[in-house]
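Asks:
Chains as they are written, first to last, in my numbering: chain A, 114 to 261; chain B, 429 to 616.
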C-alpha cells in the first residue's frame, strides 16, 4: 500500500537527491505536482525551524490530502517527505534518522563533493533495499536514476 | 611461537603509542587523495605519488619503530616479515596484518589486511577504478625495509575498495643491500 509519494534531500542551493515513490503509472503531470508541493514547502520549513528546537519538524505544510514532513540536519540539509495522512509520526521520524546516518556516511566519502547532487559513488543512485529498510516499510520504491 | 610473541609485542606497542582520532586520520588522508586526484590527470601518476609519499614516511618511520618497539634484531627476512605485520602495522595503524603466501625461495610474501583504517568511509567512483587508494602503505613498507638493507617492491594485489575481499600487499625482495661506508673510507 502506498503511503508516501516522494522523498527529497535539499541542500543549501539545490536538491541533492530525489526519489519518487509513486507506483509505476508515471503520469508526468502528477509527478511535477509532487515536486512543486515539496519545493513550495521549503519556505514553511524555514519558518518551522525558528519554532522548533529539535531536528524533526513534523508536518510543515499540507496540500489537499498530501502532507509534507521535514527533518533538518545541523548543517541545514533538509530531508522532506511527501506523504498521505499518517497518524504515526514516529515511523517518519525513525526513517529520517536512518537517512541521516546514511547521509553522514556518504558525506564522509572524500570523493563526494559536499553540498552537490553529484555523488559519483555507485551505491547512491539506487535505493538499495539493505540500506533503506524503513523506506521499504513505507512503500515499495520505484527508483528514478539521478543524472550525474 | 615467534608469531604469538610478535603479536604480544604488537599489542604492547599499540597500548603505549599516543593515539589520534581514527576519523580525523581517515578524513585527512581522504582529503589528500582527493586533492592529488584533482591535480594529476592520470590515475597512474596519483598512484606513483602516493607511493613516493609512503616511501618518505617509511624511511623515517623505521627508526621510530625500532626505538619504541624495543625488539631484538630479526634473524632473517621471514622474521622481519612477521614483525612488520604483527608489531609495526599494529603499532602505527592499529590493525595487525597476516603474513601469507611465501614463495619457494622465501623471498616474497603477502601481507593481508582485514580492515584498512585509511579507507574507512571511502567508496571509489567508477572513473577511478584503477586508483590504489592506500598505495601510501606500499611506499611505507618499501622505505622502511630499504633502511634495514632490504630492497623490495611492494604492490597492491587485492583491494577491498575495488571489490576484493581483503587488502593484500605483495612484498618481493629484490636485493639485500650490503653495508657500504662509501668510497673515501675504503682501505686501499
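In this text, a Cβ means the ideal position worked out from N, Cα and C, and glycines have one as well.
(1) Please classify residue 378 of chain B as buried or exposed, where buried requires at least 16 neighbouring CB atoms within 10 angstroms.
(2) Over the uninterrupted beta strand (DSSP E) stretch that includes residue 578 of chain B, give me the two end residues.
(3) Enumerate in chain order the residues of its own chain whose CB-to-CB distance from residue 123 of chain A is below 6 Å, with the five nearest sequence positions on each side excluded.
(4) Report the rounded CA-to-CA distance for residue 223 of chain A versus residue 607 of chain B, giving the unit in angstroms.
(5) Helix, strand or coil for residue 192 of chain A? Go by DSSP, reduced to three states.
(6) Please list, in chain order, the chain A residues whose beta carbon lies closer than 8 Å to that of residue 462 of chain B.
(7) What three-state label does DSSP hand residue 154 of chain A in the structure shown?
(8) The alpha helix (DSSP H) with residue 508 of chain B in it runs from where to where?
(9) Is residue 601 of chain B buried or exposed, if buried means 16 or more other CB atoms sit within 10 Å of its CB?
(10) Run down chain A in chain order and give the residues with a C-beta less than 8 Å from the C-beta of residue 550 of chain B.
(11) If the criterion is Cβ atoms closer than 9 Å, does the pair residue 554 of chain B and residue 442 of chain B meet it?
(12) Would residue 539 of chain B and residue 596 of chain B be called neighbours here (beta carbons separated by less than 9 Å)?
(13) Just reading off the beta strand (DSSP E) that residue 172 of chain A is part of, what are its end residues?
(14) Comparing alpha-carbon positions, which option in B:573, B:542 and B:585 lies nearest residue 563 of chain B?
(15) To which residues does DSSP link residue 618 of chain B through a beta bridge?
(16) Count the other C-beta atoms from every protein chain shown that fall within 10 angstroms of the C-beta of residue 570 of chain B, then say buried if there are 16 or more, exposed otherwise.
(17) Quick check: the stretch 566 to 581 of chain B against the stretch 484 to 496 of chain B, are at least 3 beta-carbon pairs closer than 8 Å?
(18) Just grab the DSSP bridge partners of residue 182 of chain A for me.
(19) So what's residue 123 of chain A in DSSP terms, helix, strand or just coil?
Replies: In short, the structure shows the following:
(1) Here chain B covers residues 429 to 616 and nothing more, so residue 378 of chain B does not appear.
(2) 578 to 586 is the extent of the beta strand (DSSP E) around residue 578 of chain B.
(3) Within the same chain, residue 123 of chain A has close Cβ partners 191.
(4) Roughly 43 Å between the two C-alpha positions.
(5) The three-state secondary structure of residue 192 of chain A, taken from DSSP, is strand.
(6) Neighbours of residue 462 of chain B on chain A, chain order: 223 and 224.
(7) Here residue 154 of chain A sits in coil by DSSP.
(8) Taken as a continuous stretch (DSSP letters only), the alpha helix (DSSP H) holding residue 508 of chain B covers 505 to 511.
(9) Residue 601 of chain B should be labelled buried.
(10) Result: 222, 223 and 224.
(11) In this structure, the beta-carbon distance from residue 554 of chain B to residue 442 of chain B does not fall below 9 Å.
(12) Yes.
(13) 169 to 176 is the extent of the beta strand (DSSP E) around residue 172 of chain A.
(14) Nearest neighbour of residue 563 of chain B by Cα position, chosen from B:573, B:542 and B:585, turns out to be B:585.
(15) No answer is possible for residue 618 of chain B: the residues shown for chain B start at 429 and end at 616.
(16) When all chains shown are included, residue 570 of chain B counts as buried.
(17) The stretch 484 to 496 of chain B is in contact with the stretch 566 to 581 of chain B.
(18) Its beta-bridge partners are A:172 and A:194.
(19) Assigned with DSSP and collapsed to three states, residue 123 of chain A falls in strand.
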